[in-house]
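Quick mapping for you: the protein sequence lines, in order, are chains W and E.
At position 77 of the first sequence (counting the first as 1) the number is 77 in the working numbering, and the numbers step up by one without a gap.
At position 194 of the second sequence (counting the first as 1) the number is 194 in the working numbering, and the numbers step up by one without a gap.
Positions of the beta carbon are idealized from the N, C-alpha and C atoms, including for glycine.
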Amino acid sequence: MLTKRIIPCLDIKDGRTVKGVNFENIRDAGDPIELGALYAAQGADELVFLDITATNERRKTLSELVTRIARHVNIPFTVGGGIASVEDVSVLLNAGADKVSVNTAAFRNPPLLNELAREFGSQCIVLAIDTRFEDGDWFVYLNGGRVKTDTRTEDWAKEAVDRGAGEILLTSMNNDGTKQGFALDITGRLSQNLNVPVIASGGAGTMEHFADVFEKAQADAALAASIFHYKEMEIPALKNYLYQKGIQIRF
Amino acid sequence: MKTAILKYNAGNIRSVLFALERLGVEATVTDDPEELRSADKVIFPGVGEASTAMNYLKERRLDELIKDLQQPVLGICLGMQLMCKHSEENDTACMGIFDLPVKKFESPVKNLLKIPQIGWNNVAGLHSVIFEHVPENSYMYFVHSYYVALGPETTAIANYIINYSAALQKDNFYAVQFHPEKSADAGQQLIESFLKL
């Protein structure tokens, strides 16, 4: 049986792992390669590295970091952050990334998804969506959650999949950093209405939250950052808990 | 020992190179016929689309070269599918080392099972020497929309929608649908066993 995936996410700024709350108040959380290798050894199923560096040096530094990760980590990993072109993706995949995640650039220029899928295959194109619930529905936010759009998250996710996105990484801004649990309703709606895997992100605080997002929202994978970085939850204990609950998990 | 990785227009070659590096093995990425023929082991990796990859190989006569190799050859993912007879992916005639069809996954109920299959799945019925140190029902990392049907050459079975070939072997040709280079310790064991053949 295909298992549910536990994915630690490492936000990268200037080569270091950082973590903010509700996309703000950034704190240092360690060396990304050391942390990534540690999580892999502990049983993480995949890793996501999101680069939030905003300098011109960014691209080169990132591809070097990706190669160092690929050398040391023996599980799949996704790289995202500011990816805007076929060339960007090509550089990162060639550097050793297994998948890339695109967000704002794909929303601004949706044919980019078609191009990426045609060039590299849908299986390595993850569409990241930052979403917030307001006025009765979930809407797409851009630029790391700073720019609101009038597009419903469900509509954008469907279009993105039609264009070639192979997975959806859905982050609820309402839930992110709260440790009150994942956004079950929008995660469930996407999971049931899309034929690609949905990775739930934002809000993990307890082991029960993971069980809920897998069982109640049918998420294919769950992503978390701070609870792992600050050792509030260890991956082996989390997997053991999910296994006891009868959820398909890899050991 | 000389290990060659076939260079062609498919992705993920670097991941295989790094996996070998972690085992202390230096490999050459090449499409040079002489280098491939003289290698002790040849790895045929790949992530990509079948017809594009097959055309590329045919234009360079690499398909014939692979079929004629005498040393142990390991096909990975798309590499395994191209070693089969025919792929439903853009109706592609493949190399035919394994007389098996490559078919597309179809979810029995809409959106019940996602396609591609992405993630960790267990492999069972292991009976090839490359699984010597891989425990039954180990989890391996899979990313694919097409699968190889079961056949006499099947050496490992996985289940996603249906039972299908997770691995094949015939003479010196070994093939796996999953990515051993990304499958943590279990995958590393498999690569080590292949390199020791």
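- With respect to W:Arg152, W:Pro110 sits apart: the two C-beta atoms are not nearer than 9 Å.
- In summary, the residues of the segment 163-194 of chain W whose CB is separated from some CB of chain E by less than 9 Å are Gly166, Glu167, Ser191, Gln192, Asn193 and Leu194, in the order they occur in the chain.
- Residue nearest to W:Thr131 within the set W:Glu115, W:Asn103 and W:Ser122 is W:Asn103 (criterion: CA-CA distance).
- Shown here for W:Gln192: same chain residues with a beta carbon closer than 7 Å to its own, the five before and five after excluded, namely Gln218 in chain order.
- The alpha-carbon of E:Lys58 is positioned some 25 Å away from that of E:Glu153.
- With the criterion set as a beta carbon lying under 7 Å from some beta carbon of chain E, the members of the segment 197-226 of chain W are Pro197 and Asp220, in sequence order.
- Among the residues facing chain W, E:Val176 is not included, as its CB has no counterpart in that chain under 9 Å away.
- When DSSP states are grouped into helix, strand and coil, W:Tyr243 belongs to the helix group.
- In this structure W:Val66 does not touch W:Gly30 by the C-beta definition: roughly 18 Å separates them, more than the 8 Å allowed.
- Cβ proximity to chain W below 8 Å picks out Asn159 and Tyr160 from the segment 152-171 of chain E.
- The CB of W:Pro76 comes closer than 7 Å to the CB of Tyr141 and Lys182 in chain E, given here in chain order.
- Contact check between the segment 221-228 of chain W and the segment 202-213 of chain W: three or more CB pairs, one atom from each, fall below 8 Å, which counts as touching.
- Under the Cβ distance rule, E:Lys104 does not count among the residues neighbouring chain W, no pair being separated by less than 9 Å.
- Residue-level contact by beta carbon fails for W:Thr61 and chain E, as no gap is shorter than 9 Å.
- In this structure, DSSP gives W:Phe182 a state outside helix and strand, which the three-state scheme calls coil.
- The bridge partners DSSP lists for W:Gly80 are W:Leu50 and W:Ser101.
- At a C-beta separation below 9 Å, W:Met1 has these neighbours in chain E: Asn121, Asn122, Asn159 and Tyr160.
- Secondary structure note for W:Phe139: its beta strand (DSSP E) is the uninterrupted segment Asp137 to Leu142.
- Comparing alpha carbon positions, the residue from W:Phe139, W:Ile199, W:Leu242 and W:Gly82 closest to W:Thr53 is W:Gly82.
- If you keep only unbroken beta strand (DSSP E) runs of at least 3 residues inside the segment 7-65 of chain E, you get 27-30 and 41-44.
- In its chain, beyond the 5 residues on either side, Ala4 and Thr28 have a beta carbon closer than 7 Å to the beta carbon of E:Glu35.
- In the three-state scheme derived from DSSP, where H, G and I count as helix and E and B as strand, E:Phe105 is classed as coil.
- A distance of 9 Å or more separates the beta carbons of E:Val42 and E:Gln81.
- By the Cβ-count criterion, W:His209 is buried, with 16 or more other Cβ atoms from all chains shown falling within 10 Å of its own Cβ.
- Residues of chain E with a Cβ closer than 7 Å to the Cβ of W:Gly96 are, in chain order, Arg14, Ser15 and Phe18.
- Residue-level contact check: E:Ser193 does not touch chain W, since none of the beta carbons of chain W fall below 9 Å from its beta carbon.
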